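Trainee: Just so you know, the sequences run in chain order A and B. According to the numbering used here, the stretch in the first sequence is residues 309 to 494, in order. According to the numbering used here, the stretch in the second sequence is residues 309 to 494, in order.
There are 2 protein chains.
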Amino acid sequence: QRRPKKDAPHEMELQCTLEELYKGTTRRMKISHKRLDASGAQRQEQEILEINVRPGWKAGTKITFQEKGDENPGRIASDIVFVLQEKPHPLFKRDGNDLIYTHRLPLADALCGSVVQLQTLDGRPLTVPVHDPVSPQQEKVVQGEGMPVTKHPGQRGNLRIRFDVLFPRQLNDGQKAMLRQVLPTH
Amino acid sequence: QRRPKKDAPHEMELQCTLEELYKGTTRRMKISHKRLDASGAQRQEQEILEINVRPGWKAGTKITFQEKGDENPGRIASDIVFVLQEKPHPLFKRDGNDLIYTHRLPLADALCGSVVQLQTLDGRPLTVPVHDPVSPQQEKVVQGEGMPVTKHPGQRGNLRIRFDVLFPRQLNDGQKAMLRQVLPTH
Numbered sequence: 309q310r311r312p313k314k315d316a317p318h319e320m321e322l323q324c325t326l327e328e329l330y331k332g333t334t335r336r337m338k339i340s341h342k343r344l345d346a347s348g349a350q351r352q353e354q355e356i357l358e359i360n361v362r363p364g365w366k367a368g369t370k371i372t373f374q375e376k377g378d379e380n381p382g383r384i385a386s387d388i389v390f391v392l393q394e395k396p397h398p399l400f401k402r403d404g405n406d407l408i409y410t411h412r413l414p415l416a417d418a419l420c421g422s423v424v425q426l427q428t429l430d431g432r433p434l435t436v437p438v439h440d441p442v443s444p445q446q447e448k449v450v451q452g453e454g455m456p457v458t459k460h461p462g463q464r465g466n467l468r469i470r471f472d473v474l475f476p477r478q479l480n481d482g483q484k485a486m487l488r489q490v491l492p493t494h
Numbered sequence: 309q310r311r312p313k314k315d316a317p318h319e320m321e322l323q324c325t326l327e328e329l330y331k332g333t334t335r336r337m338k339i340s341h342k343r344l345d346a347s348g349a350q351r352q353e354q355e356i357l358e359i360n361v362r363p364g365w366k367a368g369t370k371i372t373f374q375e376k377g378d379e380n381p382g383r384i385a386s387d388i389v390f391v392l393q394e395k396p397h398p399l400f401k402r403d404g405n406d407l408i409y410t411h412r413l414p415l416a417d418a419l420c421g422s423v424v425q426l427q428t429l430d431g432r433p434l435t436v437p438v439h440d441p442v443s444p445q446q447e448k449v450v451q452g453e454g455m456p457v458t459k460h461p462g463q464r465g466n467l468r469i470r471f472d473v474l475f476p477r478q479l480n481d482g483q484k485a486m487l488r489q490v491l492p493t494h
C-alpha cells in the first residue's frame, strides 16, 4: 500500500503593524478549505485559526498549521503557512531589533539644542533633550527603546534618532556676515 | 558526420578606470591558449588581443573574441569573453551616465557660499560657484559634465555635486544666542 502524499503548503500573508509586533497580539484568521465527508464528497468548510503573535517577531516569520489546507481525494490535506509581513509605520522604521525615528528640525534647533518628543509604540510619551549640535550624519541612540527581542524576553533593541535638518533657502548679506563671524571655520 | 562542438566560453575581467571609460582607450590583453598543431598535439601559445574601449562603456559590457580560447581535440576552440569592470574612483561615483562628486565643506561655507573646484576626468579644471545655502539633501547639477553616452557620441550625462556639510561639534552659549537671532525660525 502506498502512503498518501501531502499537497504543497498554501502560503498566506499575515499583515501586522509595528504596534502589534511590539506588544504581541492574538490574531484570528478565518480560512476556508475543502474537506472530504464520510461519503468521500468534497465540501467547502470554514475554520478560524488563532495565531499568537509574540513580541519582537520579524517580517518573514512563518507560522504553520498542519493539514489545515484543502483535502483532496487520496491525499493528505496540505498545510497552511502564514508569512508575517510588517506594515509600514508612519513614524518608525525597523532595523533588526532597533527602531529608527527621523526628527525634522530647523537648522537653528540642530545647532542650538532642542527637545525630541515622541510617543513610543506602546503609547508612552518619550522626551529626549539634545544639547550639542546635531548633524544629518549623526544618530542619537536611546538604549532599550527599540523592539523587544523574541528570544530574550525583557531585552529590547535601541531607538536611533536621526535628524533631518531644514536649511534656510536664502540668507541676505547681513545674515551671512554674522554667520561667518559666529561659526567656526575649521 | 557530427559537427564538432564548441567548448563553453572563457570569461575574463577587464578592469578599467573611470578616466579610461571617459576618454576611451585601447587595451592590449596578453592571453595564453592551447592550440593543436599539424600532428594533433596540443601546444600552449600566446596571443595579444586588442580591445577598443569606447567612451561611456559601462560595467558588465562584454567583448567576445571568437575561438580565442583553448582548442581541444575534436572540438571547436572556445571563445574568450572580457567582462568590463569599473575600478572605484577616489573622487567620482558613476550613476548611469551621471557622475556624482561629494564636496566636503564646513557649515559656514554651506550657508554663506563657496566655490567648488575640481578636475574633470579628462583633466580640465572646473569651477562651480555656489551662492545660495546648500544642504546635505541637495544636489547641484552641472549639465553635460557627466560620462559620455556610447550610443550618442557627443552627448554626455550630468555632474551631480553633493554636499557633505561639517557641523560644529560644540558651540558656547554666546554663539548659540547669536545663531538663534540670525537664523530663520520657520
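Glycine included, each C-beta is placed from N, C-alpha and C at the ideal position. As the structure is a prediction and not an experimental result, all values here were calculated from the model.
With distance defined between alpha-carbon atoms, name the residue in B:332, B:453, B:458 and B:345 nearest to residue 400 (chain B).
Mentor: The residue with the shortest Cα to Cα distance from residue 400 (chain B) is B:453.
Trainee: Any Cβ of chain B within less than 8 Å of the Cβ of residue 413 (chain A)?
Mentor: Not closer than 8 Å to any Cβ of chain B, the Cβ of residue 413 (chain A) fails to qualify, so no.
Trainee: Helix, strand or coil: which one does DSSP assign to residue 491 (chain B)?
Mentor: The answer is coil: DSSP assigns residue 491 (chain B) none of H, G, I, E or B.
Trainee: So, for residue 375 (chain A): in the same chain, excluding its five sequence neighbours on each side, which residues have a beta-carbon less than 6 Å away from its beta-carbon?
Mentor: Within the same chain, residue 375 (chain A) has close Cβ partners 385.
Trainee: For residue 321 (chain A), write down the residues that DSSP places opposite it in a beta bridge.
Mentor: Partner(s): A:391.
Trainee: Specify, as a first and last residue, the run of the beta strand (DSSP E) that residue 358 (chain A) falls within.
Mentor: From DSSP, the beta strand (DSSP E) with residue 358 (chain A) extends over 350-361.
Trainee: Spatial neighbours of residue 356 (chain A) within its chain, please: CB distance less than 8 Å, with the 5 preceding and 5 following residues excluded, ordered by chain position.
Mentor: Contacts found: 336, 337, 338 and 339.
Trainee: Within the 8 Å Cβ cut-off, does residue 437 (chain B) reach chain A?
Mentor: No, because no Cβ of chain A sits closer than 8 Å to the Cβ of residue 437 (chain B).
Trainee: For residue 397 (chain A) and residue 411 (chain A), what's the separation of their Cα atoms in angstroms?
Mentor: Using only the alpha carbons, I get a separation of about 15 Å.
Trainee: I'd like to know if residue 493 (chain A) contacts chain B, where contact means its C-beta is closer than 8 Å to some C-beta of that chain.
Mentor: Chain B, which has a Cβ nearer than 8 Å to the Cβ of residue 493 (chain A), makes this yes.
Trainee: Output, in chain order, the set of chain A residues within a Cβ distance shorter than 8 Å of residue 477 (chain B).
Mentor: Chain A residues near residue 477 (chain B): 440 and 441.
Trainee: I want to verify the contact list: residues of chain A whose CB lies under 8 Å from the CB of residue 484 (chain B), in sequence order.
Mentor: The answer, in chain order, is 419, 420 and 421.
Trainee: Along chain A, which residues have their Cβ under 8 Å away from the Cβ of residue 488 (chain B)?
Mentor: 416 and 420, listed in chain order.
Trainee: Within the 8 Å Cβ cut-off, does residue 461 (chain B) reach chain C?
Mentor: Here the protein chains are A and B, and chain C is not one of them.
Trainee: Given this structure, state the Cα-to-Cα distance separating residue 471 (chain B) from residue 446 (chain A), to the nearest angstrom.
Mentor: Going by the C-alpha atoms only, they are around 15 Å apart.
Trainee: Please go through the same chain and pick out, in chain order, the residues whose beta-carbon is closer than 6 Å to the beta-carbon of residue 468 (chain A), but skip the five residues on each side of it.
Mentor: Answer for residue 468 (chain A): 406, 408, 447 and 449, listed in chain order.
Trainee: Which one of B:436, B:465, B:460 and B:418 has the shortest CA to CA distance from residue 492 (chain A)?
Mentor: With distances taken between Cα atoms, residue 492 (chain A) lies closest to B:418.
Trainee: What does the alpha-carbon distance come out to for the pair residue 308 (chain B) and residue 349 (chain B)?
Mentor: Because chain B spans 309 through 494 in this model, residue 308 (chain B) falls outside it and cannot be assessed.
Trainee: Near residue 554 (chain B), what residues of its chain come up, given a Cβ to Cβ distance below 7 Å and the 5 sequence neighbours on each side ignored?
Mentor: This structure gives no information on residue 554 (chain B), because the portion of chain B shown stretches from 309 to 494.
Trainee: Nearest-angstrom Cα distance between residue 381 (chain B) and residue 373 (chain B)?
Mentor: About 20 Å.
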